[in-house]
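Residue numbers (the working numbering), protein chains in the order written: chain A, 1 to 306; chain B, 1 to 306; chain C, 1 to 268; chain D, 1 to 268.
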Amino acid sequence: MSSSKVATMRDAVGALVRDGDTVAIEGFTHLISFAAGHEIIRQRRRDLVLARMTPDVIYDQMVAAGVARKLIFSWLGNPGVGGLHAIRRVTEGADTSLELEEYSHFGMVARYAAGAANLPFMPLRSYFETDLPVANPLIRLIESPYGDGTVYAVPPLKPDVTVIHAQRADAAGNTQVWGLLGCQKEAAFAADRVIVVVEELVDEAVIRADPNRTIVPGIVVDAVVVEPWGAHPSYVQGRYDRDNRFYRDWDAISRDPAATDQWLRDWVYDLDGRAAYAEKLGDERLRALLPSGPAPSGVVDYGEYR
Amino acid sequence: MSSSKVATMRDAVGALVRDGDTVAIEGFTHLISFAAGHEIIRQRRRDLVLARMTPDVIYDQMVAAGVARKLIFSWLGNPGVGGLHAIRRVTEGADTSLELEEYSHFGMVARYAAGAANLPFMPLRSYFETDLPVANPLIRLIESPYGDGTVYAVPPLKPDVTVIHAQRADAAGNTQVWGLLGCQKEAAFAADRVIVVVEELVDEAVIRADPNRTIVPGIVVDAVVVEPWGAHPSYVQGRYDRDNRFYRDWDAISRDPAATDQWLRDWVYDLDGRAAYAEKLGDERLRALLPSGPAPSGVVDYGEYR
Amino acid sequence: MAVERPGGAGAAAAFSKSEMMIVAAARELAGQRVCFVGVGLPNIAVNLAKRTVAPDMELVYEAGVFGARPARLPLSIGDPTIVTGATAVTSMWELFAFYLQGGLIDVGFLGAAQIDRFGNINTTVIGEYAHPKTRLPGSGGACEIAINARQIFVIMRQSARSFVERIDFRTSPGNLGGAEKAERIRREQGWLGRGPSVVVTDLGIWHFDETGEMRLDFLHPGATLDEIRATLGWDPHISPSLAPTPVPTPEELRLIRDELDPEGMYTK
Amino acid sequence: MAVERPGGAGAAAAFSKSEMMIVAAARELAGQRVCFVGVGLPNIAVNLAKRTVAPDMELVYEAGVFGARPARLPLSIGDPTIVTGATAVTSMWELFAFYLQGGLIDVGFLGAAQIDRFGNINTTVIGEYAHPKTRLPGSGGACEIAINARQIFVIMRQSARSFVERIDFRTSPGNLGGAEKAERIRREQGWLGRGPSVVVTDLGIWHFDETGEMRLDFLHPGATLDEIRATLGWDPHISPSLAPTPVPTPEELRLIRDELDPEGMYTK
């Protein structure tokens with residue numbers, strides 16, 4: 001029905017991500033588009049404002065590669081492992097060359113929701129009696145018009161580009177996800193441009209067979225990139241597991257600037273894309289990440305009504 | 001895991017709906033619990049504040065039966081047919097004995113969302129340059145703390161009881177719906193007590209096989225009532241169709257107070273519950289409402305991760 | 001009610017004023033991408049457009065459906081047929097917040113009980129609010145559709161009771177007191193909507209001119225300017241290049257009569 | 001680090017201070033209904049409780065999961081194993097708005113980098129905010145968990161650097177400057193949370209007394225009061241009825257070592 005938006009990662013990033021953009025690669029531990037992050041590094045974008053609830057290893061790599069001037073975030077770490085050392089190097093001590101704009105998780109989600117809903121602010125009950133509104137003056141008090149006190153507000157976040165990874169989409173960009181949903185829907189609707197990266201391109205009929213599963217409609221999507229293993233070392237529910245080994249390995253790599261540079265050369269600059277990355281990881285490594293068995297959802301019936 | 005909340009409709013309404021309560025039977029055209037409405041009539045509750053985006057035929061019947069003192073709503077009609085005549089009789093001319101509190105659809109949804117999220121208000125861009133804030137002084141202006149103008153706000157709506165109908169739930173009240181979702185999730189989370197009425201009681205394992213399909217968790221549910229055909233003349237996606245004939249028939253019945261009373265006697269007071277109602281409708285009528293064929297969702301795989 | 005007319009090619013069938021209105025409204029949707037479907041007459045007009053001039057148009061129903069492909073014309077705007085085979089089903093919160101208020105709707109298609117020359121709409125009460133002569137349904141989603149959809153199409157029958165100098169209640173804003181004020185308010189408050197752009201009635205087609213007032217651009221076959229003037233409460237702007245509305249094609253009539261409204265709910 | 005102790009019935013195995021801390025924290029969850037699981041040590045403590053003292057407890061993960069049944073201990077708090085077989089998966093908006101801010105969470109279980117005597121928590125920076133000595137992860141969900149969960153449990157290792165007179169940044173409010181102010185603020189602002197109720201460390205178990213300050217109620221086997229005093233930055237309240245923490249059972253140790261943390265990530 002709609003014309004195809006299917007593109008290569010190189011073309012999608014080339015056309016849709018510009019120097020100076022605010023870019024959100026979203027996905028809360030699940031479905032993080034490392035493939036898009038690496039392509040942005042490879043195309044040497046500069047001065048990006050990188051927004052993400054949890055910058056994670058992907059933004060540590062992007063910061064190490066010099067693409068970012070600022071982070072907007074709510075939790076800055078390598079979950080279960082420790083710190084993000086490339087980011088720490090430019091945010092600690094005298095040399096704080098990377099600008100930080102910091103919220104809580106709910107604050108970040110509320111910012112995307114306000115952006116998606118075209119609201120000037122979103123109220124929430126967080127931040128009272130904390131130092132966060134001092135650290136970030138964009139967190140502001142607002143009085144209830146019903147005379148029952150004050151709450152805090154956060155401003156809308158409208159990325160220039162949001163990138164999400166998903167199990168599947170059709171060529172028009174109608175996108176379905178199961179497992180953790182994070183704030184991808186809000187981040188996609190809030191953005192000016194949207195890149196959807198999927199494990200599998202499916203026929204429109206697959207999407208239309210289960211419309212409640214759709215999280216982002218094609219109407220807000222600019223490009224659909226088909227990139228199996230595109231979320232590694234993050235994971236895709238039902239497809240492959242989180243590669244915790246990589247998250248642990250990154251701790252040592254990222255503590256050493258030379259090792260970090262070498263890693264970027266070996267795994268990003270010297271490869272021409274995700275297929276080469278997956279090949280370099282090797283079958284054995286990938287096979288070990290497959291689920292131990294299936295866990296089918298079951299079928300529901302929408303019924304035919306003529 | 002949790003003990004069973006399964007109850008009869010008589011017991012659930014008897015224990016959970018009290019005179020004077022604010023009651024929300026939600027479901028936007030889809031999944032309207034006529035069964036609960038009729039049981040509330042049968043138990044002769046009084047002075048209820050009835051909240052619903054679209055009061056529909058069910059609230060027309062409840063108002064005709066004298067259970068309500070007030071409506072909170074956003075669209076007061078018989079969709080595609082015309083007016084709600086029992087309600088019109090007590091809201092027009094000199095005899096306006098039923099109190100009305102009126103919003104737009106988004107305003108009602110935002111009220112439930114504020115209630116569910118324990119917020120003192122929810123902002124929205126509706127109402128500017130309309131007479132609605134004059135008609136309802138609870139719709140109030142609020143200034144953005146970012147100096148970019150004003151928007152309107154609505155206050156939280158926290159029903160004493162919310163009733164929702166669903167395709168299925170387990171005995172603990174974990175509830176799954178497909179098709180139109182309306183504002184049921186928000187209305188359930190906002191309420192003090194929740195009654196879930198289902199077409200089918202399923203094992204916990206059915207729910208856990210597809211956790212993304214769950215709209216309301218058992219933790220907020222007080223009673224699970226199993227009531228096949230409980231939404232008629234409303235419909236249940238994949239189970240039975242909307243009985244448009246009844247919606248049209250109600251127009252004539254409800255224009256005549258005597259016919260309305262007779263209908264309430266025949267179809268509510270003189271029946272002891274939904275099974276008798278379905279029997280009275282008859283097999284032929286019910287069979288005609290079955291979908292013309294199946295429309296299966298397909299299966300997705302969550303994967304086993306040990 | 002029915003008038004006999006020569007068609008473009010060969011003799012046309014007889015058609016009713018309601019059929020002409022629905023056909024004219026559907027045609028106005030040519031080239032539109034995303035349409036928010038209101039209850040009643042908009043429902044049949046939009047579904048006709050989807051089958052004729054706008055096959056790629058995405059239908060959005062406030063019930064929470066994007067990309068609906070109704071296999072039949074639903075009586076209500078919530079119906080199982082708008083879900084089965086749709087692109088996406090969402091909560092109403094997301095539908096109103098992200099799709100409508102977020103700015104994705106090109107055309108909001110509304111009905112009305114009363115309208116004024118500036119396209120301001122009343123669907124709430126006839127008479128005073130507290131003790132109305134007639135209690136109408138109220139806003140539903142109309143108030144927010146009027147503010148947030150990029151443009152507003154209206155379909156309604158014309159009568160002295162409905163096309164009035166002053167509406168009894170402003171449920172949904174149109175061009176307020178005229179184009180100048182409307183532009184200023186929309187700019188100041190950051191509305192995404194540009195307001196009403198067309199009103200299709202059983203007598204003709206009105207667009208909005210530079211003053212923000214509706215102007216009659218097409219007169220339906222069989223209708224007269226006297227009839228137009230007798231069915232509204234102000235002295236209307238008539239286009240100097242007023243043209244006759246092209247009559248319904250046999251295919252348009254077939255779709256209405258055989259597929260969309262076989263019981264004649266909308267067209268009698 | 002390991003100490004040898006006689007168990008309740010027969011000889012107990014040797015166990016580490018970290019194992020004692022995790023076991024003590026898990027036991028505090030007995031009788032709790034809904035627990036919000038934080039990253040790091042809370043993750044293993046809550047998963048141990050689910051397998052021992054609180055089998056019916058619902059685990060909530062901020063990633064958007066209610067009623068998780070992780071088949072393995074996830075390294076991160078987002079992991080496919082917390083989804084498969086869970087009761088409900090929601091967007092994070094709904095998780096934070098409806099489940100947490102809506103008041104459904106009985107216990108929020110947090111870790112911390114710094115804590116003061118009133119249970120105020122810092123997970124943002126060591127040093128000044130603009131040019132920190134150490135940049136920590138920040139709030140994540142901790143700030144809103146501290147405000148909205150009915151009560152807060154903390155698990156963290158005790159040291160002079162972490163148990164401080166003044167935290168460098170207040171990420172998550174505890175009892176503020178003491179019980180009186182905390183009660184007033186909570187009442188005035190309608191917080192649902194009653195604040196911190198227990199801090200479990202590698203040396204003992206602290207609850208909060210009527211002044212809002214933490215009080216040592218249990219001392220772990222092998223730990224001494226001198227060690228307690230050497231690892232905090234204020235003169236601590238010690239319960240007059242201070243008791244030794246019951247040692248881990250063989251089953252608790254088996255669960256930690258064989259099922260939850262076979263690689264010793266949390267317990268070395």
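All C-beta atoms in this analysis are idealised placements derived from N, C-alpha and C, irrespective of residue type, glycine included.
In the DSSP assignment, no residue is bridged to C/S18. Residue-level contact check: B/F121 touches chain A, since one or more beta carbons of chain A fall below 8 Å from its beta carbon.
Counting the other Cβ atoms within 10 Å of the Cβ of A/S254 gives 16 or more, which makes it buried. Legend: CB atoms of the segment 171-193 of chain B lying less than 7 Å from CB atoms of chain D belong to residues N174, F189. The beta-bridge partner set that DSSP reports for B/M122 consists of B/V154. Spatial neighbours of D/R170 in its own chain (CB-CB distance under 7 Å, excluding positions within 5 residues in sequence) are listed in chain order as N120, N122. Taking C/D261 as the centre and dropping the five residues before and after it, the same chain places the C-beta of I44, L73, T267 closer than 8 Å to its C-beta, in chain order.
Sequence-distant Cβ neighbours of B/P55 in its own chain, meaning closer than 7 Å and more than five residues away, are L71, F73, L76, L84, I87.
Straight across, the Cα-Cα distance linking B/L132 with B/E102 is about 8 Å.
Taking CB atoms only, C/F163 has no neighbour in chain A less than 8 Å away. Judged by DSSP secondary structure, D/R135 falls within the beta strand (DSSP E) whose first and last residues are 132-135.
C-alpha of C/S16 to C-alpha of A/R306: approximately 26 Å in a straight line.
With a cutoff of 8 Å on beta-carbon distance, D/F66 and D/A88 are scored as near each other. In the assembly as shown, C/A146 is a buried residue. Its beta-carbon has 16 or more other beta-carbons within 10 Å. Classified as exposed, D/R166 has fewer than 16 neighbouring CB atoms from the shown chains inside 10 Å of its CB. The alpha helix (DSSP H) runs of length 4 or more contained entirely in the segment 191-247 of chain C are, from start to end of the chain, 225-230. Burial check for B/T260: the Cβ neighbour count within 10 Å reaches 16 or more, so the residue is buried. One Cα belongs to B/C183, the other to C/L104, and the distance between them is close to 21 Å. DSSP, reduced to helix, strand and coil, places A/K280 within a helical segment of the structure shown.
Flagged as an interface residue toward chain A: D/P137, by a C-beta distance shorter than 8 Å. Of A/S4, A/E39, A/E26, A/S3, the smallest CA-CA separation from A/R18 is found for A/E39.
Annotated three-state conformation of C/V53 is coil, per DSSP. Flagged as an interface residue toward chain A: D/D79, by a C-beta distance shorter than 8 Å. Within 10 angstroms of the beta-carbon of B/G147 lie fewer than 16 other beta-carbons, which makes it exposed.
Taking all protein chains in view, the Cβ of D/L110 is crowded by 16 or more other Cβ atoms within 10 Å, so the residue is classified as buried.
Apart from the 5 residues on each side of it in sequence, A/L138 sits with its Cβ closer than 8 Å to the Cβ of E101, V154, P155 in its chain, given in chain order. For secondary structure counted as the alpha helix (DSSP H) over 4 or more consecutive residues, the segment 79-130 of chain B holds these complete runs in sequence order: 85-89, 105-116. CA-to-CA, the gap between C/D209 and C/E62 works out to about 29 Å.
Interface with chain A (8 Å Cβ-Cβ cutoff): B/P155 is included.
For chain A, the residues of the segment 36-58 of chain C that bring a beta carbon within less than 9 Å of one of its beta carbons are P55, D56, E58, in chain order. Bounds of the alpha helix (DSSP H) holding A/L132 are 132-135. Comparing C-alpha distances from A/V225 to each of A/L281, A/V163, A/L119 shows the shortest one belongs to A/V163. For C/F36, the enclosing beta strand (DSSP E) starts and ends at 34-37.
Contacts with chain B (Cβ-Cβ distance below 7 Å) from the segment 86-102 of chain D involve A86, T87, A88, V89, A97, F98, Q101, G102, listed in chain order.
In the DSSP assignment, B/V13 falls outside any beta strand (DSSP E) and within the unbroken alpha helix (DSSP H) covering 9-16. With a contact defined as Cβ atoms closer than 8 Å, D/F96 and A/V109 qualify at about 6 Å.
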